[in-house]
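Notes to accompany the following structure.
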Ligand SMILES: Nc1nc2c(ncn2[C@@H]2O[C@H](COP(=O)(O)OP(=O)(O)OP(=O)(O)O)[C@@H](O)[C@H]2O)c(=O)[nH]1
Ligand SMILES: [Mg+2]
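Numbering (my numbering), first residue to last: 55 to 401.
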């Protein structure tokens, strides 16, 4: 197959080309990627993710079939304040998962790519080991298109990786914007990472992300001041932080040193326990519905926004003339605009 001989960059560049060339010059049509993705072919996976990211409608049918084949993986969201060691933790966790013989994929929604992250040499070497391991797949999604769509693309990527057979899928984001927090919650289990020495420590993660944790990790436990962070966090949790986590689950606070691989197997065990808890308590199906609701609304929102920007150049001009001349009121004009989006873009 010709595309398999091409470099990854070439493939990606090709994938991001405009719709017309996607159709005309494409060495392999999107629908033929499906089988390769389901068989776990890495280049096909990378390629389909790129096409999904570009948001071309060519993918829609393929993604629909992929979606129906997904649903086996344990999807884990990892978030926390910048610099708390999320990327280091993801790498250490991936190694631990591999030692168990399970496979793992990472979708990193992060301004700094995990490929360039890792200040120390040892960490970079470990990163290379992961990149060369067929049981690991790492994908960075740093770009937010002009029309949004980050959540859509990231969660399409999760489907693709899930359908291609990865046992665990990690979504890593920086817990800053609402979108990033929401994306992480589009996971079955959410891990919130904090660490000592980040200014306000626990206070820093209070705003918005403390309460979404199913599991808390206090990273950098090799530092002497880590214990204080563990104590502060545990205290804060026991004094009535509203917890989103399902009732009977007691959110653990785990001390971890991602850098030294300490406590990472505890995190693994805790995540397995959380998944089992969700399944046994019936909470898994609630979460699956919550994720589905988020995705449906997000895609609808993106489509309307996209449609509005297209219609601005078409329908809008006539409507403007009529509203300015007071032949039509703005409410009716807006309704008409939405109808034309419906027929032209969403249909
Ligand atoms: N002492 C210590 N340092 C760590 C540990 N884990 C990560 N670090 C260091 O913390 C810094 C930030 O680590 P990252 O993994 O890049 O953190 P991050 O949360 O992904 O950062 P952003 O992507 O910028 O939000 C790096 O210098 C790491 O080497 C740890 O367990 N112990
Ligand atoms: Mg990072």
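We treat Cβ as the ideally placed atom computed from N, Cα and C, and that holds for glycine.
Bear in mind that the values here come from a model prediction, so they are computed numbers and not experimental data.
Would you say the beta carbon of residue i comes nearer than 7 Å to a heavy atom of ligand 1?
i, result
"residue 375", "no"
"residue 137", "yes"
"residue 274", "yes"
"residue 150", "no"
"residue 154", "no"
"residue 267", "no"
"residue 211", "no"
"residue 314", "yes"
"residue 161", "no"
"residue 278", "no"
"residue 235", "no"
"residue 317", "no"
"residue 284", "no"
If you draw a straight line from the C-alpha of residue i to the C-alpha of residue j, how long is it?
i, j, result
"residue 195", "residue 161", "7 Å"
"residue 237", "residue 209", "8 Å"
"residue 143", "residue 367", "47 Å"
"residue 155", "residue 289", "37 Å"
"residue 394", "residue 369", "8 Å"
"residue 95", "residue 121", "17 Å"
"residue 163", "residue 358", "24 Å"
"residue 110", "residue 89", "19 Å"
"residue 326", "residue 334", "12 Å"
CB-CB under 6 Å to residue i, same chain, minus the five flanking residues each way: which ones, in chain order?
i, result
"residue 316", "none"
"residue 350", "none"
"residue 159", "191, 215, 220 and 223"
"residue 328", "243 and 268"
Just to confirm my understanding: we take residue i, look at its own chain, exclude 5 residues before and 5 after, and list those with CB closer than 7 Å. What are they?
i, result
"residue 173", "Unreliable positioning characterises residue 173 in this predicted model, as indicated by a pLDDT of 46, which lies under 50. The coordinate reading is nonetheless provided below. There are no such residues."
"residue 320", "308"
"residue 355", "none"
"residue 313", "142 and 276"
"residue 91", "98, 99, 102, 120, 214, 217 and 218"
"residue 252", "135, 137, 138 and 258"
Sorry if obvious, but does the Cβ on residue i come closer than 7 Å to a heavy atom of ligand 2?
i, result
"residue 140", "yes"
So residue i packs on residue j, CB below 8 Å; how close in whole Å?
i, j, result
"residue 130", "residue 240", "Their Cβ separation, rounded to whole angstroms, is 11 Å, which puts residue 130 and residue 240 out of contact at 8 Å."
"residue 235", "residue 133", "7 Å"
"residue 271", "residue 280", "Their Cβ separation, rounded to whole angstroms, is 11 Å, which puts residue 271 and residue 280 out of contact at 8 Å."
"residue 205", "residue 371", "Contact flag wrong, Cβ pair sits at about 31 Å."
"residue 391", "residue 374", "Not a contact, Cβ separation roughly 10 Å."
"residue 145", "residue 184", "6 Å"
"residue 311", "residue 274", "6 Å"
"residue 193", "residue 207", "With a Cβ gap of about 10 Å, residue 193 and residue 207 do not count as contacting."
Taking 8 Å as the limit between beta carbons, can you name the residues of its chain near residue i, skipping five residues before and five after?
i, result
"residue 322", "147, 150, 151 and 154"
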